[in-house]
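Here the structure is laid out as structure tokens; the discussion comes afterwards.
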Amino acid sequence: MDCCYTIAFMRQSNFEKSPSLRPGTGPYRTRRALVIALCCGIGAGLGIGGYTFRYANGLSYFSTDPAACANCHIMRSEFDAWQKSSHHAVATCIDCHLPHSLVPKYMAKAENGYRHSKAFTEGNFEEPIFVRPAGRTILQDNCVYCHQALTESIAMNSPHTGEQPCLHCHSTVGHGDAARLGGPLRKDEIVGVSSR
Amino acid sequence: NIFQKKVEQRALYVRLVDVTDNDTDPAKWGRNWPSQYDAYLRTAFPTHTRYGGHSGSEALPEEKIERDPWLKRMFLGYAFSLDYRDRRGHAYMMVDQEHTERLKKPQSGSCLHCHASIMPLYRELGNGDAMRGFEESFKFSYQDLDKKLHDTGHAHPVSCVDCHDAQTMALRVTRPGFIRGVRALAESDGEVPAFSSIALWRSGKRDQPYDPNKDATHNELRSFVCGQCHVEYYCSTKMPLTFPWGKGLKADEIESYWNETKFPNGEPFSDYTHAETGAHVLKAQHPEFELWSQGVHARSGVSCADCHMPYMREGASKVSDHWVRSPLLNINRACQTCHHFSEDELKSRVELIQDRNHALLERGGSAIVDLIDALKQAQSTGATEEQLSPARDLQRKAQWRLDFIAAENSMGFHAPQEAARLLAEAIDYARQGQLSLFHQPDPQQPSASP
Amino acid sequence: NIFQKKVEQRALYVRLVDVTDNDTDPAKWGRNWPSQYDAYLRTAFPTHTRYGGHSGSEALPEEKIERDPWLKRMFLGYAFSLDYRDRRGHAYMMVDQEHTERLKKPQSGSCLHCHASIMPLYRELGNGDAMRGFEESFKFSYQDLDKKLHDTGHAHPVSCVDCHDAQTMALRVTRPGFIRGVRALAESDGEVPAFSSIALWRSGKRDQPYDPNKDATHNELRSFVCGQCHVEYYCSTKMPLTFPWGKGLKADEIESYWNETKFPNGEPFSDYTHAETGAHVLKAQHPEFELWSQGVHARSGVSCADCHMPYMREGASKVSDHWVRSPLLNINRACQTCHHFSEDELKSRVELIQDRNHALLERGGSAIVDLIDALKQAQSTGATEEQLSPARDLQRKAQWRLDFIAAENSMGFHAPQEAARLLAEAIDYARQGQLSLFHQPDPQQPSASP
Ligand SMILES: [Ca+2]
Ligand SMILES: [Ca+2]
């Protein structure tokens, strides 16, 4: 019983160009995203890799049930906020966070998902969690997937850069204003620190 | 109904007429893109907010130099002391320029760079090479070139073609002043936290000069198109129109750029000599682009268009509101997509920032007036040149900073802390100027610090 | 593993020991809430950022008055000119107070209000009535009351019981100084955009005084608990400890509150008489709460705890980081929870704000030194009292604003534009003070503006 989760190959998107979102800085762990993407076997070759992971409490593999995501307390704050968001009636987690086109591919890549759950159970991931550039590209595609008609016009005059980055203005549609959660003390904090 | 929506949709892409780089008449473009055109026409509506838009009659915006007499005092000896009014919508940019009393002093043809759809005329002057035409333009008198513009039928305010590629509709910049200015900026080592494409260019081969139309991100272009005009400049008869960005965009960097500039005739640069004090001073003009670039919005990738041309829904599609105006007239679209606070709360945030800024501006105004009084008095009581010169230098420094924020059009909003910092320095320099005049051998004199 | 996570979750609620309002020893509470206690203990770690935490040896933070000599000059005639150091973590609040050279001048028992877990002692002094005990406390010498504290076994730095209800663990404020101060604030008509519960109370019956523990929102308490100590105060031997909020929280409102205050003996209020100039001046102390309240974070409901005690995940549960410290050591938890920018970007935003603020602070420092020099000189050359008094009044105004931002501990971050505004005024007043000294009948004198 799985829940699915993908990392797309890095591609130069306008998000990465915008000043505060430089590749490799802060939350955008470009390098890690790449590593993971590479682990995605054939998928990576196609430019997109998908993998799934198992989780103790389990849930139906193709479940579009957001509660599935919330099985991880890590996803809880997003889940709670999503229920109050403008989209809760019209879009679930995977509608925004998984590529619409690629769902069938996950089956095959099931075993790769192991890594995601490992990240979770070992807790060796950075917090607060941010959508990586790869994840942002998926989001963008999904926004447009549903809102194409409305937004064709604003995309038309930026041929060299693709459509407008929806998140620049609408980053809160999924779960309202950010309410992310910082992680436990880092190693360097255990001994006391100085940013001198 | 759905059918109609579909029609609207397609309409966006059906070109009823072809437009080219020489079509400066927005009406023609309007046939292809009626909603943008309709909005564009609305810039003729009068608008007014606590500090924005214009007071005064429909016919003529209010005289800033009457409302704030210290401005007039500061400008004595310069055209701005004749006539300097509230700005208003884009539709007026030509008429307001043609009617300003400032034209009583000789003005150059470069003035049209930012007040008309000038590119075809530049190409004509340069036989096809717009950059060369631009370089010629300052040699014409304003009146002659303005006449040429009318004769050639390009007498339109900023128009579609100035910001859009006629073939693709892509955003693009056209103004030589900006293209040169931003190139110099790229080649300088002034910090540019807001412009990742410049940082990228700097770290690259640098074999080609920085070209905004090639190198800039789409989001940067959403501000660059405005930066073609809403910037500090030199525009007169001694040398071509100049955007002073060769050391960076900070007020202090621009000041030292001007300080190191020489006119072709070798004289050190200054905009005018103050009529009462003889100080060689600088004039700052509407540095919206420069001040914005120092604020947290710019750093966050928030562009001019985000706030001044927010998207709006029209039927089944979203369009950019081409009624360019104060965002305070449009808070729900201009601010609330990113800030989830009530309109009242957002309005009072802006007004609190502006009120603080305005109070400091008035404080700076009385300081500069005190300095001018002191200089006059010292002269009248026969102080020597070298007794006067420190005070004059301080007047230049103080006035530059004070005018930088007075001339900027957001009343400090575009970068609140930076604006306050500049005003604090302005006040300090003005007061130090007064103090320097007491430095005649005199037991009581304290020493003003550098 | 997952099982263990589930356990941690439950662990939060098991009370191994009972705690009461008289349990000032955090170790005891720590048995019930080990993770908060462990974090609390970390406040003993040395921390340092560009402007935050403390430089100097582990043993002793650096002397601010040596690093910035103008501070010492400003404080001449007051205890702060003897010893004034960088602040450090909560763990040190008692020892640092007990060892400061400022104790060489007589200090009152009220000092302990913010440096120890004092409530049981207040109750003892007031036979059960803490408020009465608090009113008595200023009559004791610091040394006597500190001894009493040690004898009664309550000699602990700020402790769990100071912010938490022993039964419910709910946040609550305990400090009489704050409870009175915030009550006066509620009864004033000073603007409080950050405190909706006060606005609510004002619009209500007003038959009961405003009581933070009843009326405040949970989110407000997340700042009020800090406002018990991180505030401007009067704390000496002439009257009880006072938080000067009776006209509002703005620096200007606090100034006029002090100006209208009289000591029990009828003298007009002032903290000290400047040793060199004879001016009756005010001392501002760490107005973090007041400055924060003027910033956009406060308006947006962002509390002290959000940044200085951010929630963090611990296994399966969410705890507040009780290692109260600079958020710059903690950017991912303190800032990135709301701001979607890289750690580097957020750090440089803070440092840009702080660098600008620091530059203005230094500018103000040399202005105040120039004024003090000028006053000294005028006195030495026999200026009359009424020639000197305008300059002295201006010294008081200038110093108040300068010190307000110098003593505040975020180097302007808590409200960048407001801090810059105050520094601009400080500079103007200091310079005007110098100028006022030239107002002897003298042909050359210019007129300084009010
Ligand atoms: Ca200029
Ligand atoms: Ca005080």
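Residue numbers (my numbering), protein chains in the order written: chain C, 1089 to 1284; chain X, 39 to 488; chain F, 39 to 488. Ideal Cβ placement from N, Cα and C applies to all residues, glycine included.
On the DSSP bridge assignment, give the partners of residue i in chain order.
i                : result
Met350 (chain F) : C:Gly1270, F:Val357
Tyr310 (chain X) : X:Val319
Gly147 (chain X) : DSSP output for Gly147 (chain X) lists no bridge partner at all.
Arg363 (chain F) : None; Arg363 (chain F) has no bridge partner.
Ser179 (chain F) : F:Ser146
Gly99 (chain F)  : Looking at the sequence provided, one finds Pro at residue 99 (chain F) rather than Gly. Answer is F:Gly94, bridged to Pro99 (chain F).
Thr280 (chain X) : X:Tyr272
Gly333 (chain X) : According to DSSP, Gly333 (chain X) bridges with nothing at all.
Leu259 (chain X) : Per DSSP, none; premise fails for Leu259 (chain X).
Measure how close the beta-carbons of residue i and residue j come, nearest whole angstrom, since I'm counting them as under 8 Å.
i                 : j                 : result
Leu460 (chain F)  : Ile443 (chain F)  : 6 Å
Ala464 (chain F)  : Ala436 (chain F)  : 5 Å
Glu270 (chain X)  : Asn447 (chain X)  : Wrong, their Cβ atoms sit about 12 Å apart, outside the cutoff.
Gln1236 (chain C) : Cys1254 (chain C) : Contact flag wrong, Cβ pair sits at about 12 Å.
Ala77 (chain X)   : His360 (chain X)  : 4 Å
Leu440 (chain F)  : Gly402 (chain F)  : 5 Å
Is residue i near residue j, with beta carbons less than 8 Å apart?
i                : j                 : result
Ser155 (chain X) : Val196 (chain X)  : yes
Glu456 (chain F) : Leu329 (chain F)  : yes
Pro64 (chain X)  : His194 (chain X)  : yes
Leu223 (chain F) : Leu279 (chain F)  : no
Val57 (chain X)  : Ala204 (chain X)  : yes
Glu352 (chain F) : Pro1187 (chain C) : no
Ala397 (chain X) : Leu413 (chain X)  : no
Ala421 (chain X) : Ser331 (chain X)  : no
Glu101 (chain F) : Arg123 (chain F)  : yes
Trp296 (chain X) : Phe281 (chain X)  : no
Tyr248 (chain X) : Val220 (chain X)  : yes
By Cβ distance, which residues of its chain are closer than 7 Å to residue i, with the 5 residues on each side in sequence left out?
i                 : result
Leu114 (chain F)  : His312, Ala313, Glu314
Val362 (chain X)  : Thr81, His128, His346, Met347
Gly90 (chain F)   : Ser364, Leu366
Asn251 (chain F)  : Arg210, Val211
Arg240 (chain X)  : Ala224
Lys186 (chain X)  : Leu159
Ser1173 (chain C) : Val1261, Gly1262, His1263, Gly1264
Please list, in chain order, all residues of the same chain as residue i whose beta carbon is under 8 Å from its beta carbon, the five residues on each side excluded.
i                : result
Pro158 (chain X) : Asp59, Asn60, Thr62, Thr190, His192
Asp480 (chain X) : Residue confidence is low: Asp480 (chain X) scores 44 on pLDDT, short of 50, so the model does not pin down where it sits. Its coordinate-derived value is still stated next. Correct list: empty, nothing qualifies.
Arg126 (chain F) : Pro84, Thr85, Gly91, His92, Pro99, Asp134
Phe301 (chain X) : Lys276, Met277, Phe307
Please report how far the alpha carbon of residue i lies from the alpha carbon of residue j, in whole angstroms.
i                 : j                 : result
Leu1238 (chain C) : Glu298 (chain X)  : 52 Å
Ser175 (chain X)  : Tyr272 (chain X)  : 14 Å
Asp344 (chain X)  : Ala372 (chain X)  : 7 Å
Lys243 (chain F)  : Pro454 (chain F)  : 36 Å
Cys267 (chain F)  : Leu1269 (chain C) : 28 Å
Asp121 (chain X)  : Ile103 (chain X)  : 7 Å
Gln472 (chain X)  : Asp466 (chain F)  : 12 Å
Ser355 (chain X)  : Ala405 (chain X)  : 53 Å
Phe379 (chain X)  : Asn303 (chain F)  : 49 Å
Ala117 (chain F)  : Ala468 (chain F)  : 23 Å
Ile502 (chain X)  : Val340 (chain F)  : Look at the range of chain X in this structure, 39 to 488, and you will see that residue 502 (chain X) is not part of it.
Leu475 (chain F)  : Ile410 (chain X)  : 19 Å
Glu305 (chain X)  : Met277 (chain X)  : 12 Å
Leu1147 (chain C) : Phe83 (chain X)   : The predicted model places Leu1147 (chain C) with a pLDDT of 33, which falls under 50 and marks its position as unreliable; any figure quoted below should be read in that light. Looking at the two C-alpha atoms, the distance is approximately 59 Å.
Asp309 (chain X)  : Asp309 (chain F)  : 49 Å
Val357 (chain X)  : Asp200 (chain X)  : 18 Å
Met132 (chain F)  : Gly171 (chain F)  : 20 Å
His188 (chain X)  : Ala322 (chain X)  : 29 Å
Please decide whether residue i counts as near chain B, where near means a Cβ-Cβ distance under 8 Å.
i                 : result
Thr1239 (chain C) : Although the question refers to chain B, the structure presented lacks it and instead comprises the protein chains C, X and F.
Note down, in chain order, each residue of its chain lying with its Cβ closer than 6 Å to the Cβ of residue i, except the 5 sequence neighbours on either side.
i                : result
Met169 (chain X) : Pro214
Glu145 (chain F) : A quick correction: the sequence has Gln, not Glu, at residue 145 (chain F). So the qualifying residues of the chain are Tyr180.
Gly284 (chain X) : Ala222, Ser226, Tyr295
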